[in-house]
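FYI, the numbering for the sequence shown is 10 to 153, going by this note's numbering.
Positions of the beta carbon are idealized from the N, C-alpha and C atoms, including for glycine.
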Amino acid sequence: MRAFEGFGRWQSECLASVCDLAASGPENALLHIIRMNERPKSVKELARLTNRDDIPNIQYSLRKLVAAALIEKRGAGRSGVTYEATEKGRRVTDNYGALRKRLLIEKINSLPGFSEQLAEATRALNILTGIYEETARVAATHRR
Numbered sequence: 010m011r012a013f014e015g016f017g018r019w020q021s022e023c024l025a026s027v028c029d030l031a032a033s034g035p036e037n038a039l040l041h042i043i044r045m046n047e048r049p050k051s052v053k054e055l056a057r058l059t060n061r062d063d064i065p066n067i068q069y070s071l072r073k074l075v076a077a078a079l080i081e082k083r084g085a086g087r088s089g090v091t092y093e094a095t096e097k098g099r100r101v102t103d104n105y106g107a108l109r110k111r112l113l114i115e116k117i118n119s120l121p122g123f124s125e126q127l128a129e130a131t132r133a134l135n136i137l138t139g140i141y142e143e144t145a146r147v148a149a150t151h152r153r
């Protein structure tokens, strides 16, 4: 939990340093995922990519990002709506990436062997996530 909360604070503070939006860590993640590969994303795709099922909260975050002119909504109807980064959103994510590299990545790279430890931790967390997902499905079958 401490690492998760620290990461969320890092995301919020880094974004606040390059943009005038007070956004949560998950909102920041949505912005960057929408920008990823320079192609629009649907709400369903965003939910899948973030491993979230709280669609109303995702939609609230998207409205916040649209209001800040960081993303724009395209299309209509239930399945035809996608979101893509605006010019301002691309500029903000570029500036975020540069600040992230200067402050965070350089710090990580200055620690001998830490990049390899992070890679191993990533593999372990991916396995643990799969275990949690599987056991959550099993636990759901035991509801009374």
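CB of G98 within 8 Å of CB of L40, strictly: yes
Nearest candidate by alpha-carbon position, reference V52, set A149, P65, M45: P65
7 Å CB neighbourhood of L74 in its chain, flanking five on each side removed: E36, L39, L40, I80
Candidates S21, M10, R152, E14, of which the one nearest V101 by Cα: S21
Beta-carbon gap between F123 and I117 smaller than 8 Å: yes
Cut-off 8 Å between Cβ atoms - residues of its own chain near R83, not counting five sequence neighbours on either side: P49, V90, T91, Y92, E93
Pick from R153, I67, A78 that is closest to G34, judged by C-alpha positions: I67
Three-state class that DSSP yields for A94 in the structure shown: strand
Length of the line joining the Cα atoms of A32 and G15: 15 Å
Cross-strand partners of K50 (DSSP beta bridge): Y92
Minimum C-alpha distance to L112 - residue among W19, R11, A130, E47: W19
Helix, strand or coil at R83 [DSSP, three-state]: strand
I136, buried or exposed, once every other Cβ within 10 Å from all chains shown has been counted against 16: exposed
Contact set for R44: own chain, Cβ-Cβ below 6 Å, skip 5 residues either direction: A94, T102
Local conformation of T144 per DSSP, three classes: helix
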